[in-house]
Structures are given as C-alpha cells and as structure tokens.
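Novice: Start counting the sequence shown at 195; every next residue gets the next number (the working numbering). Dumping the structure here so I can ask a few things about it.
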Amino acid sequence: MKLLTESAVNLSHTNPSVAKEQAALARRVKLRFNVRLDPSFGRFTCRGCKNLLVPGVNARVRLGHGKTTVLRVTCTDCGHVNRKIVKRPYIQSEAARKSAS
Ligand SMILES: [Zn+2]
C-alpha cells in the first residue's frame with residue numbers, strides 16, 4: 195500500500211498517466227482490504243475526485259492566514275479545494291507572550 199502510493203507520487207513527476215492508474219489501483223486495494231492509508235499520504239488524495247494530488251503537478255497549495263493557519267490544496271483536475279488546518283502552537287505561545295509583557 196505504502197509502496198504503491200509512494201511510487202505513484204514519484205511517477206507523477208515523470209509519467210502522470212501511469213501514476214494515475216497506480217493511484218487508482220492503490221485506492222482499490224485500500225477499499226477491498228479496508229486498510230487505512232498512512233496519515234501522511236492523506237494529503238495526496240483529492241476529496242473531490244479521489245485522484246492523486248501532487249503539489250506542483252496537479253495541485254496548488256496555498257496558505258491561509260488567520261487565527262488558524264489553513265492549508266488549501268486546490269485540485270487542478272476537478273477544482274476541489276482540500277482544506278487542512280495546520281496547527282501552529284508556537285504562534286499561540288508567541289501571542290501569549292506578547293500579551294503578557
Ligand atoms: Zn480533484
């Protein structure tokens with residue numbers, strides 16, 4: 195599983211069509227055996243079209259700044275924006291330190 199996704203990500207840089215097939219295969223294997231992907235690979239899958247998402251190949255990654263930092267991964271295949279909240283504890287502690295002084 196891990197190997198399939200890894201090679202799919204690597205292949206996407208050189209051979210996108212093969213990578214797509216491999217990602218689809220990895221997804222089928224995942225569904226059949228009901229295994230969960232390694233959490234680190236979760237960000238490589240689009241929630242809209244379930245395709246392989248590789249930043250710089252078929253995805254745009256933008257950071258949204260606010261109270262919480264949001265990582266927005268836009269899929270160029272279907273246009274779905276995959277949002278992910280990035281926890282930045284050190285920013286909070288920095289703010290706490292500023293307000294204390
Ligand atoms: Zn998509």
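Even for Gly, the Cβ is constructed at its ideal location relative to N, Cα and C. Since we're looking at a predicted model, the values are computed, not measured.
Going by alpha carbons, who is nearest to Val264 out of Val223, Cys243, Val275?
Specialist: Within the sequence shown, numbered from 1, the residue matching residue 264 stands at position 70. For Val264, the nearest C-alpha among the options comes from Val275.
Novice: Look at Thr239 and Asn252 and say whether their C-beta atoms are less than 8 angstroms apart.
Specialist: Along the sequence shown, read from residue 1 onward, the residue named residue 239 stands at position 45. Along the sequence shown, read from residue 1 onward, the residue named residue 252 stands at position 58. No, they are not a contact pair.
Novice: Since Asn276 is in the beta strand (DSSP E), which residue starts that stretch and which ends it?
Specialist: If you number the sequence shown from 1, residue 276 lands on position 82. Looking at the DSSP string, the run of the beta strand (DSSP E) that includes Asn276 is 275 to 280.
Novice: Who pairs with Val267 in a beta bridge, going by DSSP?
Specialist: Reading the sequence shown from its first residue, position 73 is the one you call residue 267. Val267 pairs with Val255, Asn276.
Novice: Where does Thr199 sit, in a helix, a strand or coil, going by DSSP?
Specialist: Looking up residue 199 in the sequence shown gives position 5. Helix at Thr199.
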